[in-house]
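As structure tokens, the structure follows; a few thoughts come after it.
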Amino acid sequence: MKSSRLVALGLLLSAGVAFGQARPKPYVPKTPPPAATAAPAKPREYVGSVPDTGQFLPDTTMLASVADRRISVRDYVDAYFASHPEYRPKGDTPGRIEFLNNMINKEVLGLTALSAGREFGFEERLTMRSFTQRALSNAVYQHFVIDSINVSEADIRAYYETQKYEQHFRHILFADKTVAAQVAADLRAKRITWDAAFKRYHKGRGPTDLGWLPQTSMPPEVAVAVYATPVGGISEPVLDRVWYHVFQSVERRPRKDVPLYESMRKMLRVTLSGLQMSDYAERVQTVLRKRIGITYDTAAVIWVSTRFGDSNVGFATDAMGSPEITVTDTLPSFTDADTGKVLARWNGGQLTLAPVLRAYSDITPVSRPLMNTPEAVQAQVDAIVLEPYMAEYAVEMGLDKLPTVQQQLLRKREEILVKHMFADSVESKIWISKADRQKYYKDRPLDFTTYPSVVYAAFSEPTRAASDSLAERLRAGEKAADILRADSLAGIVRGSIQTRSSEEHGSYHKLMFEELRPGQVAVEGPDRQGDFLVLQLLAYDPGRLLPYEQVEGMIDESMQNIRGEQALNALLERAKKRYKIVQRPELVDRIKLVDPTLDD
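Following this note's numbering, the residues of the sequence shown are numbered contiguously, the last one being 725.
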């Protein structure tokens with residue numbers, strides 16, 4: 126489906142050229158929506174628990190300046206939410222001032238690094254070229270996809286009208302769009318009956334009658350395209366992951382408990398915007414594919430898709446009822462012959478599986494799109510192949526001259542130069558002697574002492590009587606391992622033996638680390654499902670001081686970081702004297718610190 130293509134396209138932020146096709150007309154219901162009424166007074170907005178009474182600063186307000194560089198409220202908010210949450214200061218007054226100082230320091234370092242006049246080496250030029258391609262692709266994507274999205278109030282209201290009923294559909298599946306369109310036309314003109322068309326053309330294995338289908342059971346791009354079909358009407362062909370569908374609406378019935386328009390408006394707008402974005406992105410890629418003459422090895426693409434699973438992220442519950450999220454970081458195994466398979470060819474090049482796997486593995490596991498359909502694999506191929514051609518087109522259109530693009534390239538150049546300046550002026554001058562490391566070890570024993578840990582057995586029982594009986598067996602000296610072994614032989618799964626460190630603050634933490642002693646048993650419950658938990662503490666390790674030889678590398682790294690930070694602060698103090706710096710920390714509490722990427 127088109128939305129899966131957008132996933133890969135969005136990862137590279139690639140896009141393309143203008144398109145001549147007209148946007149489809151919105152569905153107009155037979156019963157028109159009620160006439161617009163005067164908009165109610167806008168409710169007071171709260172930022173956290175603080176009401177917005179107009180006290181927040183405009184985006185253009187200057188918070189600080191370094192030489193000729195200004196830091197505005199918008200710059201501050203964008204940078205704050207673009208920073209890694211783990212290292213982001215708190216949103217209180219001290220945290221806001223700290224972040225403003227960090228932004229000032231960044232500008233000082235950037236100006237200082239630029240003034241050094243250092244030339245790029247081969248690796249830096251390669252990094253800069255790759256970043257430039259990405260920035261230019263971003264510009265094309267923004268210009269021809271994001272900025273083209275236009276969801277009107279009429280579009281949203283028309284879509285809302287289709288939420289008021291449920292449809293009974295039947296369908297026919299086609300492998301070819303042209304055939305599907307011709308059969309749909311024949312059905313409308315009554316040149317063929319539905320039963321005859323289904324018998325002759327249907328490519329699926331299921332029946333024609335789909336029954337009552339709520340919109341939520343259909344992919345959004347399918348639901349939006351066909352749910353407005355009147356009773357007896359024949360839809361245009363609509364593509365899902367594999368097939369082209371031609372639908373017929375058999376009957377309608379009113380939907381019960383339809384939410385109010387105001388409560389659904391945002392969700393409907395997001396859906397329509399996403400579909401427009403997917404459609405525009407697909408048009409862009411279609412044009413670029415034609416420009417380079419790309420063709421795909423369909424058999425190889427299908428084969429690759431069969432090697433990937435259904436999900437990268439799983440959800441489970443441990444023996445104590447705590448939720449667990451599992452992330453699969455492993456990729457399917459391929460032989461050298463497999464990775465050499467050609468997936469696509471175009472004018473002047475070809476792409477094998479090997480670079481696709483490298484690019485895919487570079488994506489964090491949680492963010493990786495699924496690769497278990499031919500379309501998803503092709504989307505990854507497109508993302509890799511089309512990006513440099515996106516960049517070429519950006520230059521043709523003059524988008525490389527945009528101030529936003531120029532600013533991105535300047536910032537990236539500064540980032541590379543600052544890293545070199547830090548390596549040359551700070552890291553290269555730091556040396557830690559063995560005596561220093563040994564002193565650091567003796568002065569901070571707690572830093573090198575392991576966390577306390579426990580080994581415990583946990584059993585789940587459905588009743589209080591069963592849990593009390595099991596607890597008595599354990600108190601009487603029967604070993605938890607023997608009980609689990611007997612359970613396993615009998616095909617019973619009700620418990621496990623686990624290890625937990627004191628830094629893992631899971632369920633019953635205080636019970637196991639502060640109350641129970643080795644050998645003691647506790648019964649907890651019932652939980653929300655009515656089950657009881659039998660716990661036995663098997664062993665307790667209070668932690669131990671690790672030997673110096675085992676942690677020497679860790680000590681060296683810690684001291685390098687400490688002295689590096691001290692040297693960097695000294696460098697900053699010297700550099701700040703070269704620039705006129707103005708800062709207004711008294712304004713930070715009037716910044717509306719709300720993520721600008723959230724839809725309003």
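For every residue, glycine included, the Cβ atom is placed at its ideal position computed from N, Cα and C. Since the structure is predicted, the reported quantities are computational estimates derived from the model, not experimental observations.
field: Inside the stretch 558-593 only - alpha helix (DSSP H) runs reaching at least 4 residues
entry: Within the stretch 558-593, the complete alpha helix (DSSP H) segments at least 4 residues long are 559-568, listed from N- to C-terminus.
query: For S486, does the count of other Cβ atoms within 10 angstroms reach 16, so buried, or fall short, so exposed?
result: To locate residue 486, count along the sequence shown from 1; it is residue 361. Its Cβ having fewer than 16 others within 10 Å, S486 is exposed.
field: Exposed unless 16 or more other CB atoms sit within 10 angstroms - verdict on S388
entry: Position 263 of the sequence shown, counting from 1, holds the residue named residue 388. By the neighbour-count rule (16 or more Cβ atoms within 10 Å), S388 is not buried but exposed.
query: Between Q623 and A606, what straight-line distance do the alpha-carbon atoms span, to the nearest angstrom?
result: As a first step, residue 623 is located in the sequence shown; it is residue number 498 there, counting from the start. As a first step, residue 606 is located in the sequence shown; it is residue number 481 there, counting from the start. Rounded to the nearest angstrom, the two C-alpha atoms are 11 Å apart.
task: Starting from the C-beta of W471, find all residues in its chain whose C-beta is less than 6 Å away, skip the five residues before and the five after it, and write them out in chain order.
output: The residue labelled residue 471 in the question sits at position 346 within the sequence shown. Cβ neighbours of W471 beyond the five flanking positions: I417, G418, I419.
task: Put A164 into one of helix, strand or coil per three-state DSSP.
output: In the sequence shown, residue 164 corresponds to position 39, counting from 1. With a pLDDT of 49 at A164, under the threshold of 50, the modelled position of that residue is not reliable, and no figure is offered here.
6 Å CB neighbourhood of W337 in its chain, flanking five on each side removed: The residue given as residue 337 occupies position 212 in the sequence shown. Within the same chain, and ignoring the five residues on either side of W337 in sequence, the residues whose Cβ sits closer than 6 Å to its Cβ are E291, H293.
- prompt: In or out: S374 buried (at least 16 other Cβ within 10 Å) or exposed?
  reply: The residue labelled residue 374 in the question sits at position 249 within the sequence shown. Result: buried.
query: Across which residues does DSSP place G620 in a beta bridge pair?
result: Here residue 620 refers to the residue found at position 495 when the sequence shown is read from its first residue. G620 is bridged by DSSP to F584.
- prompt: Where does P159 sit, in a helix, a strand or coil, going by DSSP?
  reply: Counted from its first residue, the sequence shown places residue 159 at position 34. Note that P159 has pLDDT 46, beneath the 50 cutoff, so the model's placement of it is unreliable and the number below is only indicative. Residue state, collapsed to three classes: coil.
query: Among the residues of its own chain, which have a CB less than 6 Å from the CB of I317, if the five just before and after it don't count?
result: Numbered from 1 along the sequence shown, position 192 holds the residue referred to as residue 317. Cβ within range, chain order: D311.
field: alpha helix (DSSP H) segment containing E248, residue limits
entry: Translated into positions along the sequence shown, residue 248 becomes position 123. Looking at the DSSP string, the run of the alpha helix (DSSP H) that includes E248 is 247-269.
field: Run of the beta strand (DSSP E) containing I555, from where it starts to where it stops
entry: By one-based count along the sequence shown, residue 555 stands at place 430. Here I555 belongs to no beta strand (DSSP E), and DSSP marks it neither H nor E.
- request: May I have a chain-ordered list of the alpha helix (DSSP H) segments no shorter than 4 residues that lie completely inside the stretch 456-493?
  value: DSSP runs (the alpha helix (DSSP H)) wholly in the stretch 456-493: 461-464, 478-487.
- request: Check L641 in the structure and name its three-state DSSP category.
  value: Your numbering for residue 641 matches position 516 in the sequence shown. In the three-state reduction of the DSSP assignment, L641 falls in the coil class.
- request: Ignore the nearest five residues each way along the sequence and tell me which others in R221's own chain have a CB closer than 6 Å to its CB.
  value: If you number the sequence shown from 1, residue 221 lands on position 96. Within the same chain, V713 come within 6 Å of R221 by CB-CB distance, once the 5 residues on both sides are set aside.
message: At the level of alpha carbons, what is the spacing between R390 and S403?
response: Reading the sequence shown from its first residue, position 265 is the one you call residue 390. Reading the sequence shown from its first residue, position 278 is the one you call residue 403. Distance between the alpha carbons of R390 and S403: 20 Å.
- prompt: Between L660 and V646, is the Cβ-Cβ spacing less than 8 Å?
  reply: In the sequence shown, residue 660 corresponds to position 535, counting from 1. In the sequence shown, residue 646 corresponds to position 521, counting from 1. For the 8 Å CB-CB criterion, L660 and V646 form a contact.
query: Under a Cβ-count criterion, where at least 16 other Cβ atoms within 10 Å of its own Cβ denotes burial, should H209 be classed as buried or exposed?
result: Position 84 of the sequence shown holds residue 209. A residue is called buried when at least 16 other Cβ atoms come within 10 angstroms of its Cβ; H209 does not meet this threshold and is exposed.
- prompt: Is it the case that the Cβ atoms of E649 and F657 are separated by a distance below 8 Å?
  reply: For the purposes of this step, residue 649 is taken as residue 524 along the sequence shown, with counting starting at 1. For the purposes of this step, residue 657 is taken as residue 532 along the sequence shown, with counting starting at 1. With respect to the 8 Å criterion, E649 and F657 are classified as neighbours on the basis of their beta carbons.
message: Using 8 Å as the cut-off, can you tell me whether the stretch 403-415 makes contact with the stretch 322-341, which would need three or more C-beta pairs spanning the two stretches below that distance?
response: Result no; under three Cβ-Cβ pairs closer than 8 Å.
message: Less than 8 Å between C-beta atoms, sequence neighbours within five positions excluded: which residues of the same chain meet that for L397?
response: Mapped onto the sequence shown, residue 397 falls at position 272. Within the same chain, and ignoring the five residues on either side of L397 in sequence, the residues whose Cβ sits closer than 8 Å to its Cβ are V276, D280, I281, Y284, V349.
query: Just to confirm, are E539 and A238 a CB contact at a threshold of 8 Å?
result: Here residue 539 refers to the residue found at position 414 of the sequence shown. Here residue 238 refers to the residue found at position 113 of the sequence shown. The answer is yes: Cβ separation under 8 Å.
task: Please confirm if the stretch 221-233 is in contact with the stretch 187-200, defined as three or more CB-CB distances below 8 Å between the two stretches.
output: The stretch 221-233 and the stretch 187-200 touch, with no fewer than 3 CB-CB distances between them shorter than 8 Å.
message: By the three-class DSSP mapping on this structure, what secondary structure does D337 have?
response: In the sequence shown, residue 337 corresponds to position 212, counting from 1. Rather than Asp, the amino acid found at residue 337 in this sequence is Trp. Correct three-state label for W337: strand.
query: When DSSP labels each residue in this structure, what does R330 get in the three-state scheme?
result: Against the sequence shown, residue 330 aligns to sequence position 205. DSSP places R330 in the coil class of the three-state scheme, outside both helix and strand.
query: With which residues is E603 paired in a DSSP beta bridge?
result: Counting from one through the sequence shown, the residue named residue 603 turns up at place 478. Paired residues: none, contrary to the question.
query: H630: buried (16+ other C-beta within 10 angstroms of its C-beta) or exposed?
result: What you label residue 630 is simply residue 505 of the sequence shown in a count that begins at 1. Taking all protein chains in view, the Cβ of H630 is surrounded by fewer than 16 other Cβ atoms within 10 Å, so the residue is classified as exposed.
Strand pairing of I297, partner residues [DSSP]: Residue mapping note: residue 297 aligns to position 172 of the sequence shown, counting from 1. I297 pairs with V371.
query: So K564 packs on A692, CB below 8 Å; how close in whole Å?
result: By one-based count along the sequence shown, residue 564 stands at place 439. By one-based count along the sequence shown, residue 692 stands at place 567. No, K564 and A692 are not in contact; Cβ-Cβ is about 19 Å, not under 8 Å.
- prompt: How many whole angstroms separate the CB atoms of P214 and F206, which I take to be in contact at a CB cut-off of 8 Å?
  reply: By one-based count along the sequence shown, residue 214 stands at place 89. By one-based count along the sequence shown, residue 206 stands at place 81. Their Cβ separation, rounded to whole angstroms, is 12 Å, which puts P214 and F206 out of contact at 8 Å.
field: Buried/exposed call for L723, threshold 16 Cβ in 10 Å
entry: Counting from one through the sequence shown, the residue named residue 723 turns up at place 598. Counting the other Cβ atoms within 10 Å of the Cβ of L723 gives fewer than 16, which makes it exposed.
Beta-carbon contacts of K302 that lie in its chain and below 6 Å, excluding the five residues immediately before and after: Looking up residue 302 in the sequence shown gives position 177. Answer for K302: P362, Y369, listed in chain order.
field: Segment limits, beta strand (DSSP E) that includes R194
entry: In the sequence shown, residue 194 corresponds to position 69, counting from 1. R194 -> beta strand (DSSP E) spans 194-197.
- prompt: So is M392 buried or exposed if we call it buried at 16+ other beta carbons inside 10 Å?
  reply: Within the sequence shown, numbered from 1, the residue matching residue 392 stands at position 267. Exposed is the label assigned to M392, since fewer than 16 other Cβ atoms lie within 10 Å of its Cβ.
query: Residues in its own chain within less than 7 Å of L534 by CB, not counting five upstream and five downstream?
result: In the sequence shown, counting from the first residue as 1, residue 534 sits at position 409. Closer than 7 Å at the Cβ level, and outside the excluded window around L534, lie T257, A260.
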